[in-house]
Structure formats: structure tokens, C-alpha cells
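Reading through the C-alpha cells given below for one structure.
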Amino acid sequence: MKEFDFPRGSPKRLMTAYALSVLSVVAAVTTAELLTRLLNAEAIVSSLLCGVIFAAWVGGLGPALLAITLSLLAFHYYLALPNNSFLWKRELFAADVSAESPRLILFFITSFIVATVIAAQRKAAQELRHSGDELHAAMKRQERIQAALLRSEMYLKEAQSLSGTGSFGWNIASGQVIWSDETFRILGVDRATKPTIELIVQRTHPEDRPSVQETIDRASREGRDFDHEHRFVMPDGSVKYVHVVARAQRDTSGNVEFVGAVMDVTGVRKTERKLRRSEAYLAESQRLSRTSSWAWDAGRQEFVYRSPEVYRLFGLDPNEDIGTNQPFYDRILSEDRERVIEMAQEAVREKADLEVDFRIALPDGSIRYVHSVGHPFVGEDGEVVQLVGTHIDVTEQHLANQRLQEAFDEIKKSEDRLRLVVDTIPALVWRASPDGIPDFLNQPALDYTGLALDQAETGWPRAFHPEDKKGMLQKWSAIRASCMPGELEARLRRSDGEYRWFLFRAVPLRDELGNIVKWYGSSTDIEDRKRAEEELRRSESKLVEAQRVSQTGSFFWNISTGERVGSEEFFRILGYDPSHSFSFEMIQQRAHPEDRALVEQSRERALRDGKDLDYEHRLLMPDGAIKFVHVVAHAARTHAGQLEYVGAVVDVTATKEAEAKLQKAQAELARVTRITTLGEMTASISHEVNQPLAAVVNAAGACLRWLGGSTPNLDEARQAAEWVIREGNRAAEVIRRVRALAKNAGPQKEMIDINGIIDEVIALVQRELATRHVRWRLELTPGLPMVLADRVQLQQVIMNLIMNGVEAMQPVADRPHELAIRSYRDDVQRVAVDVVDSGVGISADSATKLFDAFFTTKVGGMGMGLSICRSIVEAHGGRLSAINNAGPGARFQFTLPVYQEEAS
Amino acid sequence: MSSTKSQRDLATAAERVVFVIDDDVAMRETLSSLFRSVGLRVELFGSAREFAQIKMPDAASCLVLDIRLPGISGLDFQAELARADIRIPIIFMTGHGDIPMSVQAMKAGAIDFLTKPFRDQEMLDAVVKALERDQKRIDSQKVIADLRVRFDSLTSREREVIAFVVDGLMNKQIAAELGVSEITVKVHRVNMMRKMKARSVIDLVGMADLLGIRRPKG
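Heads up: the sequence lines are chains E and G, in that order. Here the numbering used here is used: position 213 in the first sequence is 535, and no number is missing along the way. Here the numbering used here is used: position 148 in the second sequence is 810, and no number is missing along the way.
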């Protein structure tokens, strides 16, 4: 049954209540009707009353009133006329009210009283129930509280145990002390023991007892809260740190009672101490290392913590409250500011560590370099909550680094300079250890030998010429052993394989004790010098040779100082030993008596005028031989103004003799040439003779014809005859002229060496041959027997044959012109001479007429030469013949009897 | 006997002339005497230049020339004459043994090459030969000239006909070629033969050859 009450209840309940009351009235009416119909009794009042009662019981007073109201209305209707009509009557109250009104009023009062009573009862019942429920609930609560209390007591105990916290109560007045289990445990006292203050004091560390006692006294005296830490010493000797907290309370009697807690803070304290220590260390180390720590809140975008060192770093006072971050930002150099912020933001974004360098400018104007590192702390949501890091003042390092870098750069630069120097100098520079192995070669050395440095250490001897290697190694050892600077020469191989002479100089480097630590050396290319030396040597020897060959002796004579030097050949010409000192007496002695005056004169002139000398004179050697010398000397002034002669003495004896011979031969040549010209002349001679002869023949023929005709023309005939005579004379004249030219003494025969004749002829025609580009060679058999012959005529023959051969070669263009002259003994022991040419050869039809007079194949030729030759040869008892070579050209051969044959 | 013969021959041809060029006066005079003694007319010159200035005669002539002349060699002179189309026969003389030259001279068309001193008969024979050759040339030229006159007297039609006849065409063919009747061709032919004084086609052909008439190819 729902609880309804007038003041309370939801609208819904109220509505329900009122609805029910209405329903009850309706039901009552209906019932009444039914009853009326059934029982035929008037039950309306009773029913309505029931309805009201029901409404009051169910809904309380309100609904009951409503029911009453409705009942009255129903009643009125019921009683009013027309009866039992459900139609509305307009004049409801116009009905017979007065008749029924006592009933109505009675009903009203009755029902009202009833309703009220019932409502009241209902309410009371309700209230009773309600308080019964409340009591029940309160009981339940009590139980719960009890249970909760028990539970919390248990928790407390547990919590105390876990946290090492024990609680206590202490009544000052009664002195009663109550301890929790944990307190017993902390104190290390058995549970059964009675808690007392004395026990506490007992347990207290001796050092702390005075302060503890004081606290207790004060507490008990003043009754105020206290908070104290001290140490306990346990029975087993261990020390416990406790934190005692107590609050003073007044109990019911007004006495002070303390309620407190004892916390075993040993662990905490120890940890604290450690922490503090390490904090102190940290702070100290931070201070010493100038490290400052900071924390940056990502959410708030600002620093939430800065260690004191940060302040100091930024030149701010840590004790001053800065408030904002601005002063810090301001100190950062503007160029770095953005970067720092950006890097911090990036670290937050990327959830990565921060590492950034920046500079700050202190008020005093100095710049400090800061290296900042930070680590992100990620919150529960995965986002960065904080960046925690340190600033490290790296100014000193930075500066030190800078200086170090500068120093390095300097070193590097000077190293580079040194290296440049070492690599640029045109010498090969090397360094070797005391055992002689090179450990450094400069660039030119490496380039030259083509070695790499590592190769050099092991392979260096191979860079030397095989012939020089042994000697070089020996000398190098000797130098090292001597511990003195030294040098040696050896050939070094160039990278392209060529060997060149080098001069190696080594110098030792000693340490403070004087021991040799390294050998330093340079090697210079002396190849050119060596070559020049070699050249000089060679040219000197050539000069000596040349002088000897040319028979020229050189001399040098400084007039002022009297210094005189003569070459080897000079002495040899004069016929003196080279070790002789050079003096004018020498020359005077040797000069031919007849020429002495000349020599003396020349010398005086030289001394006087200082002009060049050039004269010839004869020397009379000790053995009586005469030498011709040609003296030439050039006068020059030295830079000191001294007069000196540089000259040569040429032994021209041979030249003179040759000249004499030449002159003689030339005379001969002229004579022979005249004879040869004769041969040339026969060309024109023949022509000159032929002309008149032809005219004679013509004239004679004409004459005969003039006379032989039917009528002889005597005049013409006579004229013709006259021509005959005239031309005949002319011819005779020509012959006469020829004969005049050809005048020479008859052949003068003598003993002749044919080879000598050949040589002479060659000497005469040499130039001619050269001009005509004729290559000639002599194949003369030595030791041929003499022949008896006319020298000039033989010369003529040979010359003729030679010139013939030359002429025969003139037309030839496709092969060289070669002439060979041979002399030998033929198979019948006669002396034979062959003149072989490479010319056009002898044609078939010329062969028979070759030696005929007036026969020639030459354009403009005379046809006399060969015939003359033949007649000469035959006059000597020899034979002249010609034959073609197997190859090109022809061979003319003449033989002469040997002298013995003649004699016999 | 040959000399008698040549004398007779030469005597009848009095207008023939021998030219002699030699720088030696004796040579010139004696040769002149020699030639005149056999009845030849002689003209003498001392140099090639002198000779070059004269006009060539109508009658037969020949040239006796020393191969070595001042100013010009005989061979060169020979070549010059040939260039000038003066076809006078040449006989060379030389006092030197110029055999290679002689070969050259002969190849260039000389009648003979004689070396001094030569036999007089040799010279005379050479001259006669030369003159006969020249005469032949003259005669031949005359014949051609004659033929040319005859040819010139032909009408153009007759000239056409000659070409075809010489080529061996029948009258019928000629008629077809010319586009006339055979009768007409026959008439032309008769006239042409008469004018040309040819006795037969063979004759005509020979004349045509001399004249250089060829049927135009077409």
C-alpha cells in the first residue's frame, strides 16, 4: 500500500488518490443503485459513506473531501426530482432542498467526521510505520557503522603497519598512555608491556634524549601540539629514526590529552639523507661545473624550474624573484633565440631529446657559450609534459677549442709551409733512421724515383744503378759509422727507367745527449754536370787528338806576365819534351838559320805593336829534317789590360810538299791537257778537212760532167778544176795546222809503276769526276812489276779512257755513274789496266769501228781519241781492247809488256 | 748509163730547180757546178733565213741542206718547213759523224743524208729522186685541182648523185633517197659522169677519193 500523505507525495500519487476517490464515489453510487434495484432499499447514504471512508483511508483528507463533495452532489441528484435520472438538471439547487437538507447536512457532518477520523488514524498509522522504518534503518546504519569502524580499525592497523606509523594517546593528567600495535613494534616493545612515557625515553637515542625530554615536559606543561623527530636505539643496537606528531585535545574533564602518531622514518630519513647528500653533491657539482638544470613545461610553454646556477649563468641573482622568463630570453643573443625556441618546440613535437647551443650576452658585455641538453618527459596521454635539462656553460671549452683549433691551424699552416718548402726545393730530400733506412722522402724524391713511401723503406736500394749499389751501400755505411756529414755519388733510377748521377749529402741530427737520432740528406741531380765533365774530358782528348792529326800546336803567351803555355802538339812540332818549360830560346834554336832573323823580327813586333802574328818559316830539326811551320797568333787584351797572345803553330811541311807536288802536277796537266786538247781538236779538224775534201769531190765530179756532155762546157770545167785545187790546198793547210799543234818530242820511255801513273791521272781528273757526279774507285794490285813506257803518253791513254767512260755514262740517268780502274797481272803475266764504266756500252755496229779514226758515236765527237790510244799502246808493245760488261757499261783494257820481257 | 738517162730526163724539165743551203762558199759553188753540169737549175743560199724569204716555185724543186747551219739546226728547219706546209723534199749533208741525227732526219721525211765527202753520183741520184717526187706531188695536185673544177661544175643534184653512186647505190635506191623518179636519176647520172669525165664507176670512186667526197651518213 502506498504511503500517501497530504503534504507529501508526488503529483502522480495525488492524482491517483483523487482519482480513486472519484472512483469510489462512482462505485458507491453504482452500488447504491444496484442495491436499490435489488433490495429495494435506500442504500445511497451508506454507500456514499463507504465511498468516503474508502477515499479517506486510501488518500487521506484531501481525497476524502473530494469524495464528500461528490457524494453530496450525488446525493442531491439522487434525492432531487426526477429520480434516477442521469440527465443534468439545470436547476440542480432548485430542487427540493429544504425537504432533504437535514439529511444532506447530516450526511455531510457524518461523513466529514468519519473522514477526518479515518484520515487521522491513517496518518498516525503512517507515522508509526514511518518511525518504525526509521528505527530499523537507524539500526541498520548502526550496524554498518560498527562494521565500518571495525574495518577501518583494521585498515588503520594495516596502514600503520605498512607505513610504519604507530599511533598513541597520552592523557597528561592520568598519565595514561595508549599505543597501537605498530607503535609497540616501532618501539621494539612487547605488546604485553604497559606503555609508558619512560619507555619512550628509554628507547630514545642518548643524544636525542635531552630534546625528547624537553618536548615531553613542554607538552605536558603547555598542552600544545608537538612535532618532533628523534632516534630510537633498539635492543639489538639498530637505530631508528622516528617522527612524532601529536595534537592536544581536551577531554571531557578538561584535561589535556594528546593524540599522536609515531612514524618510523628510518628508511625515509636515510633516503632523505642520501638524497640530500646527492642533492648537495649535485648542487656542488652543478656549481663547480657551472651546470644548471631547468624544467620546461610543454603545456604552459614556460620554464617551471630553474636551478640557482641557471640564474648565475644568465647573470641574474638567484635570490631575486624574476617572475617571467623574459630576462632569460633577452640575454640570449638574437641570432640564436629563434633557433633555441624552435629546437625546444621540435623536441616537444618529436618527443626527442633536445640539444642546442646558443650564446648569451651578459650585462658586462661578455659572451658566454651555452650547451643545453634536455630530455622529454611523457605524460599518461603520450604527449610531452615537460622537458627537463641542463645548461652547460661551455664558454671556456669553446674558447679553448677555438684556441686549440687556431693552434692546430697554425701548426697545419706551418706544416704546410714546411711541406711546401720541402716539396718545392729542387733537391731530393730524405730522412733516414740511424740504421740507414729512409723513413721520409719529399715529393720530388717520390716523383723522381716513382716510389711510394712505403715502398721506399724496403725497396730503396733497388732505385740505384746495379753497378753503383754495392759501392753506395758501403759508402753509406761508412758515413753512418763516422757519424760525420758525408757525401757520395751514385746513379739513381728515374721513374721512366733512366739512370742519372746524383750527389747524396747526409747530415746527422743529434739529440741532447749527442746520439744520432736521424740522418737528413739531400740529393742533387749532377747528371748534367757529369755529362759535361765527360764531354769536357772527351773534347779535351779530341782536341789533343785533333791537334795531333792536324799537326797544330797551340800556345798561349801573356806579354805582361810572361806566362807561356804550350800544348802537347806544340812541343812535338818543335821537337821538345812537353815537360820542357816553354821559352823563346826553344823556338829560336829550332828556327832555320836563314829564317831566324824573320822570327826575331816578328817577336819584337809583337811586343811592340801588339798586333796579330801570321808568318811562315822553316825549322831545322836536330836530325837535320826541315819543317815548315805557319805561325798565327791573335792578340787580345785581358780585362786587366794585359796583352796576351793566343796562337797556333801549324806544321805545314806536308802541305808545302803537297803544294810543290801539285804545282808540278799542274804543269804536267797543262802539258797533258794540251795533248788531250789535240784529241778534242780533231773533231773540228776532221770537219775542217772534210769540207774542202767534199768540195774537191764535188768540183771534180762537176768537171768531168762538164767535159762529158754532148757539148763540153770548158769554162765551167775549168772553174770546177780551179775549185779542186783551191779546196785541196785548204785541206793541206788544215793538216799543217794540226801537225804544228801536235808537236812534241818523241816518246821518252822510262821505268814506270803503272799504279803511280793511275794515281796521278786520278789526281788530275778528280775534280772533273766530282763535277760530273762520277763515283770512282781504284782496284790497284800492289807490287806490280814496272813497265818501260812514256809517262806522258800513258797518262794520256789512261785519261782518255777515263774521259771516254765518263762520256759514255753521261746519257745514263737511271743508275749511278760508276767508274772502276783496275790494275793487275793478266794470265800471260803482262801488266793490265781496266777502265770499267756503267755507261751506254758499245753497240753492235760500233764494235768493229770503235778504234777507227774518225769514228765516233759522240755528238760533236772527234773520233780520234781511241785510235790515238791504240796507237800509243801498240807502240809500247801492248794491246788495247774493249768489251761490253755483263751488266751495263763497257770495259776498256790495255796490256803492256813487263820490263824483263823487253830486256830479254 | 744512168747518168745519160738522168741527163735526158733532166734536160726536158728545165724549169725544175735545186736549192742549196750551206755556209761554206766552196761547198755551194762546187755543188752548183755539179748540178748545172747535169742541166739542173740551181739556187744558192748561205743561210736558212735567206731561203725562207723566197717564194716557192710552181715547178718541182728540192733542197740540199747542211745539217749544221748557223742559227738553226737542219732538223729544226725541216720541222719548220713541215709546219709551214712547204713540202719540198730535203737532202741533208754533214761534215760530222752525226749518225743519230741522220736517223732522225730520215724519219722526219728527208730524201737522203750524205756525209762529206760524198761521191758526186750519190748526190745527183738523191737530187733526181727528190725532183721526181716533187714532180709527182705537183702532178697529183694538178689532177686534184682539175677534178675540183669538174666537180664545181656539177649541179647540186648531180653532186648528191655522185655521193650515192660512189656509195654503190642503185638508181632505184637513189631515186628513193632523193624522192625523184628513176629516169631523173639516170639523167643526172649521165650528166655527172660526163662532166666528171669518168669512164666508169671505179674511175668515179677514185676521183671521189681524191676529192674527199663521202656520202653523208644519215
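We put the CB at the ideal spot given by N, CA and C, even for glycine.
- In the three-state scheme derived from DSSP, where H, G and I count as helix and E and B as strand, Y603/E is classed as helix.
- The Cβ of V1056/E sits no closer than 8 Å to any Cβ of chain G.
- Judged by beta-carbon spacing, Q608/E lies within the 8 Å limit of S614/E, meaning their Cβ atoms are closer than that value.
- Sequence-ordered contacts of the stretch 695-727 of chain G with chain E read S695, L696, F697, R698, S699, V700, G701 [C-beta pairs closer than 9 Å].
- Per DSSP, P532/E is one residue of the alpha helix (DSSP H) stretching across 531-544.
- Taking C-beta separations shorter than 7 Å and ignoring five residues to either side along the sequence, the partners of Q797/G in its chain run A722, following chain order.
- The Cβ of V1128/E sits no closer than 8 Å to any Cβ of chain G.
- Excluding the 5 residues flanking it on each side, A1017/E has same chain C-beta neighbours closer than 7 Å at W1045, E1049, in chain order.
- Here the C-alpha atom of S1032/E lies approximately 17 Å from the C-alpha atom of R1040/E.
- Taking a beta-carbon distance threshold of 8 Å, P1107/E does not count as an interface residue toward chain G.
- When DSSP reads this structure, I753/G sits in a beta bridge with V726/G, D774/G.
- A Cβ-Cβ contact shorter than 8 Å links I683/G with L731/G.
- Within the stretch 1028-1105 of chain E, the complete alpha helix (DSSP H) runs of at least 4 residues fall at 1036-1063, 1076-1093.
- The closest CA to that of S903/E, considering only A350/E, L920/E, W879/E, R918/E, is found on W879/E.
- W1098/E does not reach chain G, its nearest Cβ partner there being about 28 Å away, counting only Cβ pairs nearer than 7 Å.
- About 21 Å separates the beta carbons of D547/E and G486/E, which is beyond the 8 Å limit, so they are not a contact pair.
- The stretch 677-684 of chain E makes contact with the stretch 650-668 of chain E: 3 or more CB pairs, one atom from each, lie closer than 8 Å.
- By the rule that beta-carbons nearer than 8 Å mark a contact, R781/G touches chain E.
- Any Cβ of chain G closer than 8 Å to the Cβ of G1023/E would place that residue at the interface, and such an atom is present.
- A Cβ-Cβ contact shorter than 8 Å links T874/E with A970/E.
- Here the alpha carbon of S876/E sits roughly 8 Å from the alpha carbon of V968/E.
- Under the Cβ criterion (8 Å, minimum of three pairs), the stretch 846-854 of chain E does not count as touching the stretch 753-766 of chain E.
- Taking C-beta atoms as the reference points, L1091/E and W1098/E count as a pair closer than 8 Å.
- Rounded to the nearest whole angstrom, the CA to CA distance from E891/E to Q869/E is 6 Å.
- When the beta-carbon positions are compared, H697/E and G711/E come within less than 8 Å of each other.
- By the Cβ neighbour-count rule, Y691/E is buried, with 16 or more other Cβ atoms within 10 Å of its own.
- Close CB contacts of G897/E within its chain, under the 7 Å cut and outside five residues either way in sequence, are with R912, M943, P944 (chain order).
- Taking a beta-carbon distance threshold of 8 Å, A947/E does not count as an interface residue toward chain G.
- Bridge partners of W501/E according to DSSP: F490/E.
- Residue environment: V1153/E is assigned as buried (16 or more neighbouring CB atoms within 10 Å of its CB, all protein chains considered).
- DSSP places Q1215/E in the uninterrupted beta strand (DSSP E) bounded by 1212-1218.
- Burial check for M1121/E: the Cβ neighbour count within 10 Å reaches 16 or more, so the residue is buried.
- Annotation for G808/E: the continuous beta strand (DSSP E) segment containing it runs 808-815.
- Residues I881 of the same chain have their beta carbon placed closer than 7 Å to that of L929/E, with the five preceding and five following residues left out of the count.
- Rounded to the nearest whole angstrom, the C-alpha separation of S332/E and S453/E is 21 Å.
- Annotation: the continuous beta strand (DSSP E) that includes P698/E extends over 689-700.
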